[in-house]
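Residue numbers (the numbering used here): 1 to 116.
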C-alpha cells in the first residue's frame, strides 16, 4: 500500500470514528472498522486504537467538554504534538496511546467529578 493510500484510509477511518464512533463502545467500533474498511492486514490494532482514541478526544474538544489546553496539561504533551494527533492521521506513540486510553476510559471521573 502506498503512503497516499495509507493516509487516505487513515483519514477515512478517523472520520468514521468521529461520527458513529461516539455512539459505540471502543471494542465495537474496532470490530466495525475492521469490517467496514477491511483493515485487518493493513493496519495494526495499535494504529486502529490510536485513531479511535484521538477521534474520541477530538470529539470532547469539539463538544467543549475539554479544551485543547486542558488536554495538553492532562497528557503532559506540547501544544504542537496534541494538535498533530488531533488534526492529522499521525498515530500516537505507545506512551501517548496509553495516556489517551486512560483519559477516555476514566472520563466519568474528570467530566463530572461531583456525580456519584
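Even glycine gets a Cβ: it sits at the ideal position worked out from N, Cα and C.
Determine the direct distance from the alpha carbon of residue j to that of residue i, and round the result to whole angstroms.
{"i": "residue 65", "j": "residue 4", "result": "33 Å"}
{"i": "residue 46", "j": "residue 96", "result": "11 Å"}
{"i": "residue 68", "j": "residue 9", "result": "25 Å"}
{"i": "residue 32", "j": "residue 70", "result": "30 Å"}
{"i": "residue 27", "j": "residue 21", "result": "10 Å"}
{"i": "residue 78", "j": "residue 88", "result": "15 Å"}
{"i": "residue 25", "j": "residue 76", "result": "26 Å"}
{"i": "residue 106", "j": "residue 63", "result": "17 Å"}
Taking the continuous alpha helix (DSSP H) assigned at residue i, which residues delimit it?
{"i": "residue 52", "result": "45 to 62"}
{"i": "residue 23", "result": "No alpha helix (DSSP H) contains residue 23, which DSSP labels as neither H nor E."}
{"i": "residue 95", "result": "94 to 105"}
{"i": "residue 73", "result": "68 to 75"}
{"i": "residue 87", "result": "79 to 87"}
Going by C-alpha distance, which of the options is nearest residue i?
{"i": "residue 49", "options": "80, 91, 76, 11", "result": "91"}
{"i": "residue 103", "options": "74, 87, 25", "result": "74"}
{"i": "residue 14", "options": "27, 2, 37", "result": "37"}
{"i": "residue 61", "options": "16, 86, 44", "result": "86"}
{"i": "residue 56", "options": "6, 7, 16", "result": "16"}
So, residue i versus residue j, is the Cβ gap smaller than 8 Å?
{"i": "residue 52", "j": "residue 35", "result": "no"}
{"i": "residue 94", "j": "residue 82", "result": "no"}
Assuming residue i and residue j are in contact, meaning their beta carbons sit under 8 Å apart, how far apart are those beta carbons, in whole angstroms?
{"i": "residue 59", "j": "residue 18", "result": "6 Å"}
{"i": "residue 54", "j": "residue 100", "result": "7 Å"}
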